[in-house]
Amino acid sequence: MSLSLDTLYGIAFPGKELPDAIIVSVDDDPGVPDDHFMLDLECSADLSVEKVRMDSADGRSLALCADGQYCLAGNPGLVYVDEDIFTIRVLSPFVSDPQLWMPAVDADTLELKLYFTLIDEDPVLPCNDSQPTEADPQDDPANATVGAYPMVFHFEGQWQKGGNKGKKVTVIWKKDSWG
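Numbering-wise (my numbering), the sequence shown opens with residue 26 and increments by one.
And the structure:
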């Protein structure tokens, strides 16, 4: 099932009383170089570490964690964490070849597949895809939740020869706002 951008979706994780809520948007961003994109992860401050991951068509992976760790194509690193009492925000490094990460599904539609996970144990290993606490992969219309492995978003757009505006994929992970 494909999902719409800028829409609140609940994800039910094991051991959590209420689902978390996820909003994803994709915007042109003058701060991102042409033909690049970046992930912007915003989540609430708590003890578990949120992680968002996407995979490219050529087998690379980009994971971004709320504690400022990231992993790009098997290479871990750290990014700046903008944190206050309520929220945490981290930005991935710039990533090239967006058409490999957000492929076209038809002439005017792009596809974005994001994996959402929670990590409750130490240490957080951003390059370890087997570490997360998995969300229920089944859709549950009664609770308005969706499977999270992966969440697939379709959005209007196309890649053109000669350059594309830089994109920022914003992921807002809302706690205690669902149910």
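We put the CB at the ideal spot given by N, CA and C, even for glycine.
Residue i (DSSP reduced to helix, strand or coil)
i: proline 124; result: First, the amino acid is wrong: residue 124 is glutamine here, not proline. The answer is helix: DSSP assigns glutamine 124 an H, G or I state.
Beta-carbon proximity list for residue i, same chain, < 7 Å, skipping 5 on both sides
i: leucine 30; result: Val49, Ser50, Val51, Phe178 and Phe180
i: proline 39; result: Thr158
i: phenylalanine 205; result: Because the chain in this structure spans residues 26 to 204, residue 205 falls outside the shown range and cannot be described.
i: leucine 150; result: Gln156
Which residues DSSP lists as bridging residue i, in chain order
i: isoleucine 47; result: Tyr34 and Trp198
i: glutamine 94; result: Leu103
i: leucine 116; result: Asp65
i: tyrosine 140; result: Arg78
i: serine 27; result: Val177
Whether residue i touches residue j by CB criterion (8 Å)
i: leucine 139; j: proline 175; result: yes
i: alanine 173; j: isoleucine 36; result: yes
i: lysine 186; j: methionine 63; result: no
i: glycine 188; j: aspartate 54; result: no
i: leucine 116; j: methionine 127; result: no
i: proline 101; j: cysteine 152; result: yes
i: aspartate 59; j: valine 196; result: no
i: glutamate 67; j: threonine 32; result: no
i: leucine 125; j: serine 69; result: no
Own chain partners of residue i with C-beta closer than 6 Å, once the 5 adjacent residues on each side are dropped
i: proline 44; result: Gly35, Ile36, Ala37, Thr170 and Trp203
Exposure label - residue i; buried when at least 16 CB within 10 Å
i: leucine 87; result: buried
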